Structures are given as structure tokens and as C-alpha cells.
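Undergrad:
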Amino acid sequence: MRFSNPYALLWLLLIPIVILMYILKQNFERKEISSTFLWDLALKDDEVSTPWQKLKKNILMILQIIVVILITLSLANPYFYKKHETNNAQIIVIDNSASMNAKYNKNKTRLDYAKEVANKKINGLIDGTSITIITVGSEVNIDVSNAVDRDVIKKSINNIKPTYGSKKINDNMDFIYSIADSYEDYELSIVTDEIIENGNTDNYLVNSIGSNVSIDSLATFLTVNNYEILAKITNRYETPVNVHLDIFDENDSLLKGKEIQLQGNESKNILFDNVVCEGSYIYGEIKEKDLIKEDNIRFSTLKENNTKKILLVSEENIFMEKAVLASNKYELFKSKNRDVSSEKYDLYIFDSIIPNELPKDGSFIFINIPEIDGLYDTEFNDNSRMVDFVENDITKHVINEKFIVSTYNKINIKDYMQSIADAGDDSVIAMGNKNGIKFGIVSFDIHNSDLPLNVSFPILMDSLLTNILGNSIQLLDDYNANESISFEPLSTTEKALLIDPTNYKDKINVEYPITYYDNTNKLGVYQLIQENKDKEQKIDYITINYDTDSESTINSYSNEFVNSVDHKSIINNNKKTDYIFLFIILAIVVILYEWKKYIIG
Numbered sequence: 001m002r003f004s005n006p007y008a009l010l011w012l013l014l015i016p017i018v019i020l021m022y023i024l025k026q027n028f029e030r031k032e033i034s035s036t037f038l039w040d041l042a043l044k045d046d047e048v049s050t051p052w053q054k055l056k057k058n059i060l061m062i063l064q065i066i067v068v069i070l071i072t073l074s075l076a077n078p079y080f081y082k083k084h085e086t087n088n089a090q091i092i093v094i095d096n097s098a099s100m101n102a103k104y105n106k107n108k109t110r111l112d113y114a115k116e117v118a119n120k121k122i123n124g125l126i127d128g129t130s131i132t133i134i135t136v137g138s139e140v141n142i143d144v145s146n147a148v149d150r151d152v153i154k155k156s157i158n159n160i161k162p163t164y165g166s167k168k169i170n171d172n173m174d175f176i177y178s179i180a181d182s183y184e185d186y187e188l189s190i191v192t193d194e195i196i197e198n199g200n201t202d203n204y205l206v207n208s209i210g211s212n213v214s215i216d217s218l219a220t221f222l223t224v225n226n227y228e229i230l231a232k233i234t235n236r237y238e239t240p241v242n243v244h245l246d247i248f249d250e251n252d253s254l255l256k257g258k259e260i261q262l263q264g265n266e267s268k269n270i271l272f273d274n275v276v277c278e279g280s281y282i283y284g285e286i287k288e289k290d291l292i293k294e295d296n297i298r299f300s301t302l303k304e305n306n307t308k309k310i311l312l313v314s315e316e317n318i319f320m321e322k323a324v325l326a327s328n329k330y331e332l333f334k335s336k337n338r339d340v341s342s343e344k345y346d347l348y349i350f351d352s353i354i355p356n357e358l359p360k361d362g363s364f365i366f367i368n369i370p371e372i373d374g375l376y377d378t379e380f381n382d383n384s385r386m387v388d389f390v391e392n393d394i395t396k397h398v399i400n401e402k403f404i405v406s407t408y409n410k411i412n413i414k415d416y417m418q419s420i421a422d423a424g425d426d427s428v429i430a431m432g433n434k435n436g437i438k439f440g441i442v443s444f445d446i447h448n449s450d451l452p453l454n455v456s457f458p459i460l461m462d463s464l465l466t467n468i469l470g471n472s473i474q475l476l477d478d479y480n481a482n483e484s485i486s487f488e489p490l491s492t493t494e495k496a497l498l499i500d501p502t503n504y505k506d507k508i509n510v511e512y513p514i515t516y517y518d519n520t521n522k523l524g525v526y527q528l529i530q531e532n533k534d535k536e537q538k539i540d541y542i543t544i545n546y547d548t549d550s551e552s553t554i555n556s557y558s559n560e561f562v563n564s565v566d567h568k569s570i571i572n573n574n575k576k577t578d579y580i581f582l583f584i585i586l587a588i589v590v591i592l593y594e595w596k597k598y599i600i601g
């Protein structure tokens with residue numbers, strides 16, 4: 001036998017006090033006698049009595065002592081363990097992945113019930129047992145390590161938060177066993193909604209079944225005047241259902257809706273055409289409530305055709321062609337005709353061919369063209385020179401590179417221009433922006449230099465094109481919860497931040513060519529804002545959605561399996577047998593009996 005609260009046994013010190021009170025109590029008893037002889041006998045008997053003799057017939061005192069003992073035992077809470085119970089270290093793994101957000105019953109989720117199971121497990125352990133709590137959801141965390149304080153352990157369990165992660169316990173058993181193997185003797189218990197493949201664990205299955213329909217994908221396609229929206233939905237359970245799928249814009253205005261009939265475990269692609277929509281994103285939502293509400297909604301950005309068109313006017317320049325196409329961001333067209341004023345492109349590159357007239361719209365790069373009236377002029381220099389890059393936003397990735405030119409034209413830098421590369425004091429590559437017309441100048445024939453052979457050439461040209469045309473990178477904008485967002489900052493970006501669906505702003509480090517962001521634990525639309533030194537901002541929208549492929553399926557297990565797991569849970573949670581309620585009931589019975597004896601006298 002053990003005691004949950006051994007200090008309560010100090011209340012047994014009340015027993016001597018009760019006895020002492022009855023010893024000191026003077027008891028006078030009225031007697032009727034028939035003669036003085038009988039009186040003398042009664043008097044003699046009273047004189048030879050001792051205090052201990054008074055206790056022989058005092059049933060009330062005995063009852064009160066019994067009450068003190070019973071109340072003390074109930075406060076001390078004695079208990080017994082079965083023979084097979086041990087004090088091995090206990091490792092309890094709790095699944096808090098996205099699927100544990102499913103309803104378990106009307107008022108609880110699977111995770112709520114899992115925490116109850118873990119607490120019951122702890123209540124059934126020997127006092128002083130070492131306990132470790134591990135959670136597996138968005139990542140694998142050790143919430144409590146080798147602790148014995150049950151209040152601390154239970155508080156940690158109750159504070160476990162739901163996540164939208166998709167890590168699986170089966171995939172992380174090696175790590176869990178590496179923790180367990182640090183103990184000489186241990187028992188491993190896992191509370192989850194999936195079957196654990198390893199048989200050396202106590203698997204507490206927290207499962208619930210019922211209807212669940214998920215939106216697996218939502219994509220938009222821009223047509224001439226409107227959008228086409230393609231959605232994929234799946235019935236994740238075995239019974240047929242009818243659901244309503246509605247499409248909303250970012251202002252929660254209904255765009256279109258359809259009623260869909262799904263057989264058990266069936267998927268369907270649903271097309272919404274001729275959708276007129278403005279804004280940056282849309283979302284789809286299933287009206288009907290089911291086990292997992294988070295997979296009933298899905299967000300998607302509105303896709304636009306942002307591919308920039310570039311016209312290369314040249315006899316032939318294979319180096320420029322490869323440099324433009326290297327990034328896969330632009331659509332390149334070629335021409336030898338100097339009259340292009342009637343054609344519309346985003347950028348015109350004139351290589352050694354002077355145009356008859358500049359187009360009214362668009363930007364320009366001039367290669368080996370001495371001057372363009374109204375934009376720039378140059379001075380010829382036939383000396384071979386070493387060229388260094390000037391430090392600025394465009395050259396920050398090539399600043400230490402050099403190249404040689406045989407002849408060049410010195411660019412006369414105006415106040416609306418900046419040099420990019422210099423041969424000594426002479427500018428040979430420059431950029432300008434005059435009255436909104438952006439242009440670049442390469443004042444030498446590329447074939448008469450070793451610049452195309454330099455590894456920095458495609459990097460330089462990509463930065464130059466990005467500066468003139470803006471960013472044309474198609475940002476990956478659809479992720480599952482807890483996946484890392486990756487993006488390539490613009491060459492002109494000085495600072496960037498991400499704003500999550502709750503409007504929390506997080507600064508992003510843009511020092512590296514590729515930047516990653518990991519805090520994607522909220523579902524919805526994120527804003528990526530990049531800002532240059534002129535405070536100009538570029539805003540991209542990124543959607544974070546529920547991982548339906550991994551977390552939406554409703555598994556239906558056999559009744560035999562579920563019953564065996566439930567039975568095991570009952571056995572494990574009742575290894576400790578205590579008698580607190582028995583002692584309380586006995587104490588009440590004794591008090592009632594004492595009260596009855598007192599009334600009767």
C-alpha cells in the first residue's frame with residue numbers, strides 16, 4: 001500500500017486527544033437504591049474505578065476514534081498497484097497534426113480527447129515516475145523531459161496547441177526511439193488517430209468517423225475578359241454526400257456556386273467559367289459542416305500574364321539571345337528591321353542598328369550606338385582598356401568582376417543617368433530614366449570584348465533587365481501550412497516583410513539570393529512586400545492552405561480493432577486502485593451510527 005498524501009496521517013495525532021478528553025470527563029450516573037447497604041456497595045465500586053475503567057463502556061469514544069481514522073485515511077488516499085505495475089520511465093507521444101483538429105464528438109476535437117487520455121494515463125502511474133511528453137505535428141517537440149511533478153506535466157499537456165502540420169508519427173519513430181533509448185527501462189505510449197506500425201508501443205487510438213469533404217486545389221486562369229476557375233473536391237469518407245461549393249472574391253462577395261454530388265471516396269474537378277473578378281485573390285468554400293472544417297475552404301491568387309515581351313533588333317547577337325532567355329522570365333522576338341515604331345513590346349534592344357524612330361511606349365537598351373537624340377551622346381575611344389563595375393544595386397552580385405574592351409564610346413553621364421561600368425574614368429555601361437523613359441547603354445560592340453565569356457555576364461544582364469522591366473519572376477504562391485516560403489528578392493529590394501492573415505508583420509532578411517520564411521502556421525493569404533530605396537513597393541500574394549492529401553482522409557477501422565484499443569486503455573488507466581471514496585462512505589456511516597447512539601442515550 002502507498003499513500004498519495006502521506007502527510008495527512010498526522011491527523012492520527014487527534015486520537016490521543018479524543019481519548020484524553022474522555023479520561024478527564026467526569027461521568028455522574030443517577031442510581032435508585034433500596035437501602036443504605038446498596039448505597040455503600042455502589043460507593044465502594046466507584047472508589048476503586050480507574051480512569052481506564054471509564055473507557056470500557058464508552059462506545060461513543062470508540063466511534064469517534066474510528067471516524068478520525070477513516071477521515072485521515074481518506075485524506076491520505078491509500079492505494080494499491082497490481083503486481084505487474086512498474087515505475088519505468090514513461091514516454092507519451094501526442095499527435096497534434098492537422099487531422100487531430102477533426103471533431104471527436106459534439107464538443108471536443110480529437111486533440112482535446114487525446115489530452116484527456118494522456119492525463120488519465122498519468123493519473124494511473126506510480127508517484128515519482130519519470131515522464132516525457134513528445135508532440136508531433138508541424139514539427140517534433142519535446143514538451144516535457146524526464147519530469148516527475150504531475151502538476152507541471154498536466155499543465156504542459158493541457159497547453160498543447162493544435163497545428164496544421166502534417167508530420168506523421170510513423171515517419172518519426174527513429175527519433176522517438178532515440179529519446180526512449182536514453183532510459184534503461186521505459187514504456188512508450190502513443191496517442192494518435194493513426195495506426196502505429198511498430199508493435200512495441202501502447203497505441204491509444206483517438207479516431208472519429210463521419211462525413212468529410214475537402215477542397216484539394218483551386219486554380220485561376222485569365223482569359224480575354226474574365227477568369228476560369230478550376231476546383232478539385234474529394235469526398236474523404238465512404239458514404240455519398242451532396243455539397244455546395246461557392247466561390248468568393250477577397251471582399252467576401254459571392255461570384256459563383258454549384259451543387260455537387262459525390263459518391264463515397266470520389267473526387268471531381270469543377271469548372272467555373274466566365275467569372276468576372278477584380279482583386280488579388282479568391283477563395284472557395286463548402287457550405288456543409290463536417291468533421292474537419294479547415295479543409296472546407298481554400299485560397300488562390302488571381303493569375304495574370306506578366307511575361308514581358310522583348311524585341312532584339314540585331315544582325316546577329318547570340319550572346320544577348322542567351323542572356324535574355326537564361327532566366328526563362330521573358331518572351332524574346334528578333335528582327336533586323338530598324339523601323340519598329342508601329343510594334344508594341346515591353347523592351348526594345350537595338351544592337352548596332354539605329355532605329356528610324358523610337359517607339360512611343362516601352363523601354364530600351366542601346367548596344368554599340370554612339371548616340372540617341374534627346375537621350376544620350378558619346379565620344380569615341382579606340383584604346384583597349386580594363387573595365388571595372390561601379391558599385392550599385394545592379395552590380396552588387398558582380399562587383400568584383402572585370403573584363404576588357406578593345407574599343408568603346410565614352411558615355412557622357414547626365415543628371416538622369418548613372419554609370420554601371422567604367423574603363424578608368426570613362427563610363428562604358430550606363431542606365432538612365434528621362435521623363436519616365438527607362439533605358440540602358442552598352443557603348444561597345446559586345447563581340448569586341450571578353451564580357452560574354454565572363455561568368456558575370458548573364459547575371460549583369462538579368463539585373464539590368466529587372467531594373468528596367470521590373471520583376472518578372474513567377475513567384476511560387478501556393479503552399480501547404482508549415483511549408484517554407486521561398487522567393488528571390490529583387491535586385492533593388494532594400495527591405496521586405498511578410499504580413500500574415502492576422503495582420504502580423506514579420507521582417508525578412510534579403511541579403512541572400514534565395515530567401516526562406518518558415519512561420520506559415522496560419523491558413524489564409526499572406527502579403528510579401530518588397531521596398532526599394534525610393535520607397536516603391538512591390539506586393540505579391542501567397543496562399544497557405546490545409547494539406548488535404550495528408551490530413552483529410554477519414555480512416556474507418558474495424559470494431560474489433562477499436563474495441564481492443566479501448567480495452568487496453570481501460571486496463572492501463574486502472575492499474576492503480578485507491579479507496580478514498582470507500583473511506584469517506586464508511587466515515588459517514590459511522591458518524592450516522594454515533595448520532596443514533598447519542599440520541600438513544
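Residue numbers for the sequence shown follow UniProt numbering, so the first one is 1 and each next one is one higher.
Yeah, the Cβ is synthetic: ideal placement off N, Cα and C, and Gly gets one too.
These figures come from a predicted structure and were not determined experimentally.
#1: Helix, strand or coil for residue 444, going by three-state DSSP, please let me know.
#2: Out of 395, 264 and 351, point me to the one whose CA is closest to residue 369's CA.
#3: Distance, Cα to Cα, residue 403 vs residue 389?
#4: For the putative contact between residue 132 and residue 295, defined by C-beta atoms under 8 angstroms, what is the C-beta separation to the nearest angstrom?
#5: Measure the alpha-carbon distance for residue 249 versus residue 482 and round it to whole angstroms.
#6: When DSSP labels each residue in this structure, what does residue 282 get in the three-state scheme?
#7: Determine the DSSP secondary structure at residue 112, reduced to helix, strand or coil.
#8: Output the boundary residues of the beta strand (DSSP E) element that contains residue 379.
#9: Which ranges does the alpha helix (DSSP H) cover as unbroken runs of at least 4 residues, wholly within the region 259 to 316, from first to last along the chain?
#10: Between the C-alpha atoms of residue 536 and residue 464, what's the straight-line distance to the nearest angstrom?
#11: Based on Cα-Cα distance, which residue from 384, 433, 282 and 63 lies nearest to residue 375?
#12: For the candidate residues 104, 175 and 109, whose alpha-carbon lies nearest to that of residue 91?
#13: Which same chain residues end up closer than 8 angstroms to residue 58 when comparing Cβ atoms and leaving out the 5 residues on each side of it in sequence?
#14: Rounded to whole angstroms, what is the Cα-Cα separation between residue 592 and residue 118?
#15: Could you check whether the region 409 to 423 touches the region 484 to 499, counting it as contact only if at least three pairs of C-beta atoms, one from each stretch, sit closer than 8 angstroms?
#16: State the DSSP-derived secondary structure class of residue 249, mapped to helix, strand or coil.
#17: Using a 10 Å radius around the Cβ and a threshold of 16 neighbouring Cβ atoms, would you call residue 48 buried or exposed?
#18: I need the DSSP call for residue 322, collapsed to helix, strand or coil.
#19: In three-state DSSP terms, what is residue 336?
#20: Ends of the alpha helix (DSSP H) at residue 402?
#21: Considering just the uninterrupted stretch of the alpha helix (DSSP H) at residue 180, what are its terminal residues?
#22: Cβ atoms of residue 96 and residue 201: under 8 angstroms apart, would you say?
#23: Below 8 angstroms on the Cβ atoms is my guess for residue 346 versus residue 310; work out the distance and round it to an integer in Å.
#24: Report back the beta-carbon spacing between residue 104 and residue 214 to the nearest angstrom; my notes put them in contact at under 8 angstroms.
#25: Run through DSSP, which three-state label would residue 222 get?
#26: Can you tell me the Cβ-Cβ gap for residue 363 and residue 468, rounded? I've got them flagged as a contact below 8 angstroms.
#27: With burial defined as no fewer than 16 other Cβ atoms inside 10 Å of the residue's Cβ, what is the status of residue 436: buried or exposed?
#28: With distances taken Cα to Cα, identify the nearest neighbour of residue 300 among 317, 282, 307 and 288.
#29: Assuming contact is defined by CB atoms lying nearer than 8 angstroms, are residue 332 and residue 358 in contact in what I supplied?
#30: Please classify residue 203 as buried or exposed, where buried requires at least 16 other C-beta atoms within 10 Å of its C-beta.
#31: Looking only at its own chain, which residues have a Cβ that is under 6 angstroms from the Cβ of residue 495, when we skip the five neighbours before and after it?
#32: Using only CA atoms, which one of 159, 185 and 285 lies nearest to residue 134?
#33: What whole-angstrom Cβ distance do residue 122 and residue 150 have, given they're in contact under 8 angstroms?
#34: Where does residue 167 fall in DSSP's three states?
#35: State the beta-bridge partners of residue 417 as determined by DSSP.
#36: If we count Cβ pairs, one from each stretch, closer than 8 angstroms, do we get three or more for the region 272 to 287 versus the region 222 to 239?
TA: Working from what's here:
#1: coil
#2: Distance from the Cα of residue 369 is smallest, within the candidate group 395, 264 and 351, for 351.
#3: 9 angstroms
#4: Beta-carbon to beta-carbon, residue 132 and residue 295 are separated by about 32 angstroms, too far to satisfy the 8 angstroms threshold.
#5: 25 angstroms
#6: strand
#7: helix
#8: 378 to 381
#9: none
#10: Note on geometry: alpha-carbon atoms of residue 536 and residue 464 lie some 18 angstroms from one another.
#11: Ranking 384, 433, 282 and 63 by Cα distance to residue 375 puts 433 first.
#12: 175
#13: 22
#14: Linking residue 592 to residue 118 through their CA atoms gives a straight-line distance of about 40 angstroms.
#15: no
#16: Here residue 249 sits in strand by DSSP.
#17: Only weak support exists for where residue 48 lies, its pLDDT of 48 falling under 50; the value from the coordinates is given anyway. Exposed is the call here.
#18: Correct three-state label for residue 322: helix.
#19: coil
#20: From DSSP, residue 402 is part of no alpha helix (DSSP H) but of the beta strand (DSSP E) over 402 to 405.
#21: 173 to 180
#22: no
#23: Contact holds; Cβ gap of about 7 angstroms.
#24: Actually they are not in contact, since the Cβ atoms of residue 104 and residue 214 sit about 18 angstroms apart, beyond 8 angstroms.
#25: strand
#26: Contact flag correct, Cβ pair sits at about 5 angstroms.
#27: Under this definition residue 436 is an exposed residue.
#28: 282
#29: no
#30: buried
#31: 531
#32: 159
#33: 6 angstroms
#34: coil
#35: 432
#36: yes
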